Every structure is written in C-alpha cells, then in structure tokens.
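To keep things clear, I will list the structure first and then write my remarks on it.
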Amino acid sequence: MKIVTGILFLLCLGYFYYRFFRLLIKMKQSAVFPKTEEDWRTIRKQPQKAVDLPGISHQKTGFFMNGLTLLFLTIFVIGNLFSSNTNWPAYLVFIPIFFNLSQVWNLFAIVKDGILSGGRFVPWKSIRSYHFVPIDTNHRFYGYSPEVNGGYELKIQTKRSAVSCIVTSETGREKVAEVLDAHLDS
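For reference, each letter of the sequence shown is one residue, going 1 to 186 in the numbering used here.
Structure follows, in structure tokens:
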C-alpha cells in the first residue's frame, strides 16, 4: 500500500513537473497580446497589481515558489517511500498545495500557441468560449482599486476548467476580444 500511494503521488508530481516545464517553454515565445506598456497595465491577474512580463526574469516569485515546492514534495515522497514509518496524514496536507501552485504566478499573456494564465498554459484547441463580465458593485473584485472598478473580468472556458483575468479598460477589452476571435475562428 505504501509503494502504491508513493507511486501515485509521484505520478501526480510528474504531471505538475510537466505543466511547470511546459509553462517555462511557452513563456519564451513572444506575446501576441499584451504588446505595449499600456496593454500590460490594463491586464491583471489579481485586482491589486498589473501582470508582469512573461519570462523567468520577470516571474521569479512564481518560478521559485513552484520549483521549490515541487522539489520539496519530490524529496518528501521519495524519502517517505524508503522510510520504515510512513506518515499518511502528511500526504493530505499537500493536496491544497497542488491546487494553488498556479496562484503564485502573476502572469497573463496570449502567445502564438495559446494562453498563459497564472501557472497554466492553455492551448487554443482546449478553449471552448470566452466572455466578459462587467465589474460592478456586486462583483467580487469591486472595491480593490479604482482602476478595476468599471473594468471587466475575462472568463475563458476550457474543456475541463476556466481561466480568468481582469481587463481594466474598454480599449484593452476590444484588443483582447479581437485577438481571441482571430485565434478561435481559425
């Protein structure tokens, strides 16, 4: 039982390593949107701060947090496999970490092959639809900053889940819609 659980956990870690390295490779592509400084300021992953440029030098926090977490979890699982006493409840502590690894990236960019959003890369073939939700007084992001109030939340529906970002201006909304329509129609 110990070996089966360890192998299952290592397979899960393998998937997260795959996502991590795939994101790093896709970050090397040039962004289709946002391109200008004004575009970068209108896109936000979190309401308080505009997104950073894609690239390891600009995404150091996400890179180090994600990489060190994966390395720590790998060492923990391998050490637990070879240890004589197994601490099963310790595995349960790491489950929320798996679901929140993408939150440490302050990243949203549209590249040639798809969309970089947080710690995820979403290829074009996985995108089903998108829509803009106005940020009004009843929206969860209303009140965080004056730039966000009156903006839009872009929700992109994929095959299995959804990704989102905040667009703070009407011109930014039009540019994002234009780029998404061009890629989704083709």
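Virtual Cβ for every residue (Gly too), placed ideally from N, Cα, C.
It should be emphasised that the depicted structure is a prediction, and the values quoted were computed from it without experimental measurement.
| query | result |
| --- | --- |
| Counting pairs of Cβ atoms below 8 angstroms between the region 46-55 and the region 2-20, do you hit three or more? | no |
| For Phe108 and Phe76, what's the separation of their Cα atoms in angstroms? | 31 angstroms |
| With distances taken between CB atoms, is the gap from Val122 to Ile135 smaller than 8 angstroms? | no |
| Taking contact to mean at least 3 C-beta pairs separated by less than 8 angstroms, is the region 100-118 in contact with the region 60-69? | yes |
| Please classify Arg140 as buried or exposed, where buried requires at least 16 other C-beta atoms within 10 Å of its C-beta. | exposed |
| For Thr158, which residues does DSSP report across the bridge? | Ile127 |
| To the nearest angstrom, how far is it from the Cα of Thr168 to the Cα of Gly151? | 4 angstroms |
| Between Gly79 and Leu73, what straight-line distance do the alpha-carbon atoms span, to the nearest angstrom? | 10 angstroms |
| Counting Cβ pairs, one atom from each stretch, are 3 or more of them under 8 angstroms apart for the region 110-128 and the region 157-165? | yes |
| By alpha-carbon positions, which one of Gly67, Asp113, Asn106, Pro34 ends up nearest to Glu174? | Pro34 |
| When you compare the CB positions of Gly172 and Thr42, do they come within less than 8 angstroms of one another, or not? | yes |
| Identify whether Gln103 lies in helix, strand or coil by the three-state DSSP scheme. | helix |
| Which residue from Val133, Val111, Gly118 puts its Cα closest to that of Trp124? | Val111 |
| Looking at Asp52: is its Cβ nearer than 8 angstroms to the Cβ of Asn106? | yes |
| Just to confirm, does Cys165 get its C-beta within under 7 angstroms of one of the non-hydrogen atoms of the ligand ATP? | With respect to the ligand ATP, the structure offers nothing, as it holds no ligand at all. |
| Inspect the beta-carbon positions of Val179 and Val4 and report whether they are closer than 8 angstroms. | no |
| Report the option in Pro54, Ala50, Phe9, Ser161 whose CA atom is closest to the CA atom of Tyr144. | Ala50 |
| Pro134 by DSSP, collapsed to three states: which one? | strand |
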